[in-house]
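Here is the structure we will look at, set down as structure tokens.
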Amino acid sequence: MRLADPASLAEDHFDHVVVGSGFGAAFFTRKLLETRPGKVLIVEWGQHHPHDWQIANSRNSAITAASTYRSANPKPWNYTIALGGGTNCWFAQAPRFHPSDFRLNSLYGVGDDWPIDYAALEPYYAEAEAIMAVSGDPDMAAIMPRSTPYPQPPHRLTSPDRLMKAAQPERHFAMPTARARVATEQRGACCASFTCMRCPADAKFTANNGLMPLFDDPRVTVALGCKAHHYEGAGNSISALVFEHGGKPVRVTGDLFVLGANAIQSPAILQRSSMGGGLTGKGLHESLGSHVEVLLDGLDSLDGSTITTGLNYGLYDGAFRKDHGAALVYFENRWTHGLRSEKGRWRQTLPLMIVTEDLLQDANAVTVDGAGQAVVSFSDASDYAHRGQKAAFAALPKLLAPLPVEDIVFRSMRDTESHLQGTLRMGNDPARSVIDAGMIHHRWRNLAVVGSAAFASCSCANPSLTVAALSLRAAAML
Ligand SMILES: Cc1cc2nc3c(=O)[nH]c(=O)nc-3n(C[C@H](O)[C@H](O)[C@H](O)COP(=O)(O)OP(=O)(O)OC[C@H]3O[C@@H](n4cnc5c(N)ncnc54)[C@H](O)[C@@H]3O)c2cc1C
Ligand code: SF4
């Protein structure tokens, strides 16, 4: 990796100046080097923490997320400040978004439509899945059409998953995941050890095992420990980025600027640049989750090959989305609520996670304080999301009819899904969005904004595969 002494970069000029190195920034830059090769500077706030460092130190970064923003609400917003961003800490759940997620307003009259649809993103989903060697269930093409097979075979289902899939073949699938089903040249096979924030087997896709060729590319200079502070620009064009290193400002100039901090830090950078206004920073959201335990009657579980084995779409799409949020039901292969204490029944437990979509609310927002620090104002998920949770829980007896169920026990709401989204949303109308269908800022025409900040609606599905696919598409379209 060509690591720069940040102070020596002052007044240097680059073709492309990229902020951040997580899912959005890294996948965009990888494609950019194919479509518009040039001299790239990656400005990254964190350090490079190799896999061994993360395992030895039981953390993904030396910087905690909580130290990088202020909020009066105890709800945590989790992310990793380090080379590779969220690729370090993610659990590698990698479903695509459902085609209806992109058309929420035109189909159901709530939220906003995206400026692109599923078909436009499909080839880039396939490319992102290939880069990450995603394991998945070919039957999923019934709901989410595919141009290519999943790169890796599906993980082994648990016994409850197998019964569900036999009864609901078009709704119950093996979980799509970038946790390797079979070993690759860079990664071991997932062995269901359940500590996915730091995988001891190095089975999940991360920057350390999948993106180092990008950071090692001779055209790429990486500046670590550099916090992007603000942009300079005039008219409709950005001319320079100022970042902080060791408490001192360093200014670099460029032609194309790529903003891929995260959904809290990216809007903060624009606001520190006096490039906010409109919906900048507004609409911070994530899906809403709960824990449920199904007590099984005579059926042993926990015999799958990875941490989450099944994904059920039975409560996902339909006219009900006019009133309440879609729900995805995750079938877990871990003993989240402990094992059963009754003799001979210790594995007769099936932990589920119910995840419902939220609607973007402008009042949930990111601003900056007088010192320029990001400030999160978040009250709660929408009533739409909470109604979705209630409806999904009520529907579980019917959904789980293929299983021998003794009891269904609500355990708790989850305090976060670790999926900050939506603060620089995409759209065709500049009055209702910040960036366009090509992820270019509506006003600053040489600024591409990448990452989950761009989401125009909140799918129930985990976001990172979609972040990667959006970046590949945007860079291909430049
Ligand atoms: C514990 C955990 C588990 C998760 N599991 C999953 C999962 O299983 N599946 C899934 O799809 N998603 C998962 N996620 C979410 C996933 O991490 C995010 O969706 C994804 O990382 C978002 O991509 P991004 O590019 O927007 O941001 P990031 O990947 O966070 O990248 C942002 C980058 O910007 C850098 N940065 C921030 N501010 C600055 C600044 N001012 N200057 C310079 N650099 C800056 C950061 O260090 C980082 O490199 C998980 C997240 C967490 C925390
Ligand atoms: S289940 Fe275990 S082996 Fe598989 S990705 Fe998670 S930590 Fe790694």
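Under the working numbering, residue 461 is the last one in the sequence shown; the count climbs by one each step, no gaps. For each residue, glycine too, the CB sits at the ideal point set by N, CA and C. Quick caveat, the model's predicted, so the values are computed rather than measured.
Just to confirm my understanding: we take residue i, look at its own chain, exclude 5 residues before and 5 after, and list those with CB closer than 7 Å. What are they?
i: A45; result: Q30
i: A452; result: L104, Y107, Y108, A111
i: S270; result: V338, T339, E340, D341, E400, H402, C441, C443
Provide the residue(s) that pair with residue i in DSSP beta bridges, ordered along the chain.
i: I337; result: S273, V312
i: A236; result: One point to set straight first is that residue 236 is Thr, not Ala, in the sequence displayed. H(-4), A223.
i: Y299; result: Bridge partners of Y299: none, in fact.
i: R(-15); result: T204
i: V2; result: V26, L242
i: L294; result: F156, Y313
i: I391; result: V277
Taking the alpha carbon of residue i as the reference point, which residue from the options has its own alpha carbon closest?
i: G193; options: A55, S4, Q169; result: Q169
i: H402; options: R255, Y367, K58; result: K58
i: L298; options: A251, I252, L382, H274; result: L382
i: D345; options: T291, G266, L90, D300; result: G266
i: A(-7); options: F314, K231, A150, G259; result: K231
i: F177; options: G21, S288, A39; result: S288
i: H81; options: N295, A420, N40; result: N295
i: R139; options: A125, A190, T160; result: T160
i: A246; options: M460, F10, W60; result: W60
i: G405; options: P446, I418, F438; result: F438
i: T291; options: E17, A149, I337, L342; result: I337
i: T51; options: G171, A149, S249, P132; result: S249
i: D185; options: T167, P201, D200; result: T167
i: H307; options: M258, S365, R323, L282; result: S365
i: G261; options: S416, H32, D100, D84; result: S416
i: E315; options: P183, L335, A55, G216; result: L335
i: R394; options: R255, S257, Q372; result: Q372
Since I believe residue j is in contact with residue i (beta carbons under 8 Å), could you give me their beta-carbon distance rounded to a whole number of angstroms?
i: V235; j: A223; result: 7 Å
i: E340; j: A309; result: 5 Å
i: R397; j: H274; result: 6 Å
i: V225; j: H212; result: 5 Å
i: L242; j: R13; result: Not a contact, Cβ separation roughly 17 Å.
i: Q76; j: M158; result: 7 Å
i: V117; j: P128; result: Not confirmed; about 16 Å, so no contact.
i: L407; j: I418; result: 6 Å
i: R181; j: Q356; result: Not really, about 28 Å apart at Cβ, beyond 8 Å.
i: N71; j: T189; result: 6 Å
i: F11; j: A431; result: 7 Å
If you drop the 5 nearest sequence neighbours on each side, which residues of the same chain put their C-beta closer than 8 Å to that of residue i?
i: S89; result: D96
i: A(-13); result: L24, T204, V205, A206
i: V388; result: V277, L278, L279, D280, P380
i: G259; result: P250, L253
Near residue i, which residues of its chain fall below 6 Å by C-beta distance, leaving aside the five closest residues on each side in sequence?
i: L239; result: H(-1), N429
i: F303; result: none
i: P143; result: S284, L333, L386
For residue i, does the count of other Cβ atoms within 10 angstroms reach 16, so buried, or fall short, so exposed?
i: S4; result: buried
i: P137; result: buried
i: S256; result: buried
Kindly examine ligand 3 and report whether one of its heavy atoms sits closer than 7 Å to the Cβ of residue i.
i: F6; result: With respect to ligand 3, the structure offers nothing, as its ligand set consists of ligand 1 and ligand 2.
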